[in-house]
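The block underneath contains the structure these notes are about, expressed in structure tokens.
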Amino acid sequence: MTGMGNIIELCAAKLYPDPKISLGFTMCITRSYREIPDQSLIEACALEHAIDIKVLNECAVREDGAYGVGLLRDSVTRTAEAGVTLSCTVRLDDEVYCIRDGGEWTQCPFGAGVNDL
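The UniProt record's numbering numbers the first residue of the sequence shown as 1 and each following residue consecutively.
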């Protein structure tokens, strides 16, 4: 994923804090991650999850892009402060829930199955 893809996801989360919307949008674009940040993919996923594409774009380019870069910088800082070193690390309530590393789920105290999540 590109930095712009991360910024778009962070803008969606900032603008739409309901995880059903922002996480749904993120999952939608991630399914076609090779196409991120293709505008047609972003628009289709925004439409599917009731996200105003104009507002999303405005967030990403606000202040000549400095606002979106600030969201990304803050996200990287939070990640580092949490001690996360692998992607994908799933955290819930400030604790590691599960880590996906080398195609395997590890460090999953509650189980790594879909029903466990």
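Glycine included, each C-beta is placed from N, C-alpha and C at the ideal position. Values in this document were obtained by computation on a predicted structure and should not be read as measured data.
- Between F25 and A46 the beta-carbon gap is near 7 Å, inside 8 Å, which marks them as a contact.
- Residue pairing for R31: DSSP places it in no beta bridge.
- DSSP places I7 within a helical segment (H, G or I) once states are collapsed to three.
- The three-state secondary structure of L92, taken from DSSP, is strand.
- Straight-line measurement puts the Cα of E95 at about 32 Å from the Cα of V55.
- DSSP places I99 within a strand segment (E or B) once states are collapsed to three.
- For the options I36, I99 and V61, the alpha carbon positioned closest to that of T85 is the one of I99.
- The beta carbon of A13 is closer than 7 Å to those of S22 in its chain, skipping five residues each way along the sequence.
- Assigned with DSSP and collapsed to three states, T77 falls in helix.
- Assigned with DSSP and collapsed to three states, T26 falls in helix.
- Excluding sequence positions up to five before and after I51, its CB lies within less than 7 Å of the CB of A12, Y16, I21 and F25, all in the same chain and listed in chain order.
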